[in-house]
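One structure is given here, and the rest of the page talks about it.
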Amino acid sequence: MKIRFGNLVLTVIAMIAGWITLLGYFLNFAAPFRALLVGWVVILGAVAVILGALSLGAVHLKKIFQQGRGWPYSLFVILGLLIGLSAGLAPILMPLFEGLLSGTAPSTAATGLGNPYSQWVFRYLQSALGTAISGMIVFFLVFAGFRLLRRRSWRLTSVVFIIVAIVSLIGMAPFFNLDIADLPVIGQYTLNAVRTWPWLWLSQVPAVAGARGLLLGIALGAIATGLRVLLAVDRPYGE
Amino acid sequence: MVQVIGLITVIFFGILIGVFWLLALRKGAKPRGLRRIEAYESLPATVGAAVETGHRIHISLGSGTIGEVTTAATISGLGVLDQVASVAAISDKPPIVTAADGAAMLLAQDTLRGVYSRQNASEQYDPFSAQVAGLTPLGFGAALPGVLDDEMVAGTVLIGSVGQEAVLLAEAGRRADLTTVAGSDLPAAQAVLFATADQPLIGEDLFAGNAYINRRPAHLASLRAQDWMRIIIGGLIVLGVLLKTFQLLP
Numbered sequence: 023m024k025i026r027f028g029n030l031v032l033t034v035i036a037m038i039a040g041w042i043t044l045l046g047y048f049l050n051f052a053a054p055f056r057a058l059l060v061g062w063v064v065i066l067g068a069v070a071v072i073l074g075a076l077s078l079g080a081v082h083l084k085k086i087f088q089q090g091r092g093w094p095y096s097l098f099v100i101l102g103l104l105i106g107l108s109a110g111l112a113p114i115l116m117p118l119f120e121g122l123l124s125g126t127a128p129s130t131a132a133t134g135l136g137n138p139y140s141q142w143v144f145r146y147l148q149s150a151l152g153t154a155i156s157g158m159i160v161f162f163l164v165f166a167g168f169r170l171l172r173r174r175s176w177r178l179t180s181v182v183f184i185i186v187a188i189v190s191l192i193g194m195a196p197f198f199n200l201d202i203a204d205l206p207v208i209g210q211y212t213l214n215a216v217r218t219w220p221w222l223w224l225s226q227v228p229a230v231a232g233a234r235g236l237l238l239g240i241a242l243g244a245i246a247t248g249l250r251v252l253l254a255v256d257r258p259y260g261e
Numbered sequence: 056m057v058q059v060i061g062l063i064t065v066i067f068f069g070i071l072i073g074v075f076w077l078l079a080l081r082k083g084a085k086p087r088g089l090r091r092i093e094a095y096e097s098l099p100a101t102v103g104a105a106v107e108t109g110h111r112i113h114i115s116l117g118s119g120t121i122g123e124v125t126t127a128a129t130i131s132g133l134g135v136l137d138q139v140a141s142v143a144a145i146s147d148k149p150p151i152v153t154a155a156d157g158a159a160m161l162l163a164q165d166t167l168r169g170v171y172s173r174q175n176a177s178e179q180y181d182p183f184s185a186q187v188a189g190l191t192p193l194g195f196g197a198a199l200p201g202v203l204d205d206e207m208v209a210g211t212v213l214i215g216s217v218g219q220e221a222v223l224l225a226e227a228g229r230r231a232d233l234t235t236v237a238g239s240d241l242p243a244a245q246a247v248l249f250a251t252a253d254q255p256l257i258g259e260d261l262f263a264g265n266a267y268i269n270r271r272p273a274h275l276a277s278l279r280a281q282d283w284m285r286i287i288i289g290g291l292i293v294l295g296v297l298l299k300t301f302q303l304l305p
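Order-wise, the sequence lines are chains P and E.
So for the first sequence, the working numbering puts the first residue at 23; every next one is plus one.
So for the second sequence, the working numbering puts the first residue at 56; every next one is plus one.
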C-alpha cells in the first residue's frame, strides 16, 4: 500500500493532538497543553462558522444564478444572511458614518451579545420562525405515531410505542382543569391518581432504565469511535 | 480517584480493541457474525436504486459540530459517507452531503475528494456536493426537505447528531416516497426517528456503520470491544446494586 508523506504527517499531528487532549483530562501535567489545543479548536470553530455561512450563501447564489429547482426560496436565504450580517455590523458602521457626517470621533456602541440590532433579529425573526417550526414538529409526530402501526404491521416494538404514547398523553394531559375532588373515586384511589400513576411509573422506571441503557451504548460507541481516530484506524482527514 | 478510574477505563478499552484487532488479523481467523441491523442491510439496495435510476443519494451529517460532544457521531457519519460515496460516485448524479457546521462540511468535502481521487475521477468532484444547509439545528432541519426536492434525491442517509428537527427530513422523505435511514446520538431524536424513519438506527447502532458496511478487522474488533465493555460495565452495575442492597458499601 502506498503511503503519502502528507497523509502520514497529518495522521501523526492528529494522533499527538488527540492523545494530549485526552490525557489532559486525566493527568495534571498535560492539562495546560489540552487547554491550549482546545483554545485553538475554539478559534478554528469560529472560522468554520464563517466558512459555513459562506458555503450557505454560495450554494444559494449558485442556485439563483442557474435558476435551479426552488430558486425563489434561495432569495429568502440570501436576504436572511444579509439581514443577519447587517445587524451584526450596524453598531460598528453606524457610529462611524455618524462621526464622518458630523466631523466628530465615532461613539462606541454595543456589539456582540449586547448588539440591539442582532437582538431584534433574533427575537422577532429567528426565534419566531424557530417557534413556528417547533410547533409543526408536534403535528408531524402525532401523524407519524398514527402511521407507525400501519407501516410496521403490528410489530411488538410498535405496539409498545403506541401504548406508551397513549398512556403518557393521558397522564400528562391537563384534564380540562377539573378539580380532583370532583372526579369519581375508584376504590381508595381518585380517577386522577389512576390516570397519572401508569405514566409516572413508565416515565420513572422503564423509561429511565431504557434511556440509561441507550446512553451507555452511545457513550461506548462514541469512546470507541474516538479511540479509532486516536489509533489512526479512522482518519476523517486527508485522503 | 475518578480521573484514575476514567484513564484506566479508556486504556483498557483501547487495549481490548487492539487485542481483538490482532486476533482478527491472525491467519485463518474467521470473521465474526454480526447482529442484524436492518438499516445497514437496506443501505446497499437504497444506494443501488439511486445509482440505477440516475438520482442522487443524500447523506446528512446532522446538526452536530466538530470539536464538541457531537464529534463522534459526526465522524461516524463521515465513515458511512466514505463507504456510500464510493458506490454512488459512479452515478451521473453524485451524492449530496448536508451539514450544519463549517468544519463538518470541510471534512465531508475532503472525504468526497478522497473517494473521487481513489477512483481516478478527481475531475468529477464538485465542492458544492457537500454543503451547509443551515447554521442552526432548526434552520438545518427546515432546509432539508428543500434539498430532497430540489436535488432529485432517491434516498436519504442521516447519521450524526440531530435533534427532534429530524422529523422534518423524515416526513419530507415519506411524502416523496424515499427510503430514509436515520440515526442520532440523542435519545429524544431516536424516539422521533423510530416513529418516522423507514430504517431507524437505535442506540449504539449509529456507531456501527463502518463495521457493517466495510467489515474491516479494526472496525469489527471495535464492535467486539464495545460488547465486552458493555458486559463488564453491566456486571459492575449489578455488583454495585447487590453490594448496596446488602449494605456492604458505605
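Think of the CB as a built atom: it goes at the ideal place given N, C-alpha and C, for glycine as much as any other residue.
Under 8 Å between C-beta atoms of E/Leu248 and E/Pro242: no
Beta-carbon proximity check, E/Pro152 vs E/Ile114, cutoff 8 Å: The identity of residue 152 of chain E in the sequence shown is Val, whereas the question assumes Pro. In this structure, E/Ile114 lies closer than 8 Å to E/Val152 by Cβ.
Chain E contact for P/Ala75 (CB, 8 Å cutoff): yes
Enclosing beta strand (DSSP E) for E/Arg111 [first to last residue]: 111 to 117
Entirely enclosed beta strand (DSSP E) segments - the segment 73 to 154 of chain E, minimum 3 residues: 111 to 117, 151 to 154
Per-residue contacts from E/Thr251 into chain P (C-beta, under 8 Å): Phe162, Leu163, Ala166
P/Gln148 - containing alpha helix (DSSP H), residue span: Unbroken run through P/Gln148: none, as it is neither H nor E.
Length-filtered (3 minimum) beta strand (DSSP E) runs lying within the segment 230 to 269 of chain E: 234 to 238, 254 to 256
Three-pair Cβ contact test at 8 Å for the segment 154 to 165 of chain E versus the segment 56 to 76 of chain P: yes
Contact set for E/Leu304: own chain, Cβ-Cβ below 6 Å, skip 5 residues either direction: Leu298
Extent of the continuous alpha helix (DSSP H) to which P/Val69 belongs: 53 to 88
Buried or exposed by the 16-neighbour rule on C-beta atoms within 10 Å, applied to P/Arg169: exposed
Alpha-carbon spacing of E/Ala185 relative to P/Ala246, whole angstroms: 26 Å
Rounded straight-line distance, which links the Cα of P/Val143 to that of P/Gln63: It is Val, not Gln, that sits at residue 63 of chain P in the sequence shown. If you take the alpha carbons of P/Val63 and P/Val143, they lie about 28 Å apart.
C-alpha distance - E/Val65 paired with E/Ala280, whole-angstrom precision: 12 Å
Expected contact under 8 Å - CB spacing of P/Gly248 and P/Arg217 to nearest Å: P/Gly248 to P/Arg217, Cβ: 45 Å. No contact.
Validate contact between the segment 94 to 104 of chain E and the segment 190 to 201 of chain E using beta carbons, cut 8 Å, 3 pairs: no
Per-residue contacts from P/Ser156 into chain E (C-beta, under 9 Å): Leu193, Gln219, Glu220
Contact list for P/Ala150 against chain E, beta-carbon separation under 9 Å: Per Cβ cutoff of 9 Å: no residues; P/Ala150 is ~11 Å from chain E at best.
Boundaries of the beta strand (DSSP E) in which E/Ser177 is found, first to last residue: E/Ser177 -> no beta strand (DSSP E), and no H or E assigned at all.
Minimum Cβ-Cβ distance from E/Thr166 to chain P less than 8 Å: yes
DSSP three-state assignment for P/Thr179, whether helix, strand or coil: helix
P/Pro113 burial status per 10 Å Cβ neighbour count (16 or more: buried): buried
P/Leu242 versus P/Gln89 - alpha carbon distance: 46 Å
First and last residue of the uninterrupted beta strand (DSSP E) at E/Gly215: 208 to 216
Cβ shell of P/Leu222 (< 8 Å), same chain only, five flanking positions each side left out: Gly193
CA-to-CA distance, E/Val208 to E/Val202, given in whole angstroms: 8 Å
Identified DSSP bridge partners for E/Val187: E/Ala154
Given E/Thr211 as reference, the closest of E/Ser97, E/Gly290, E/Ala128 once Cα atoms are compared: E/Ser97
Interface residues of the segment 210 to 234 of chain P facing chain E [CB-CB below 8 Å]: Ala233
6 Å Cβ shell around E/Asp137 - same chain, five flanking residues per side excluded: Thr166
Environment of P/Phe51 [buried if 16+ CB atoms lie within 10 Å]: exposed
Reference P/Arg145; option with closest CA among P/Gly106, P/Leu30, P/Ala166, P/Phe183: P/Gly106
Straight-line Cα distance separating P/Phe119 from E/Gln245: 51 Å
Whether E/Asp181 touches E/Pro149 by CB criterion (8 Å): yes
Cross-chain neighbours of E/Ser131 in chain P, by beta carbon under 7 Å: Thr247
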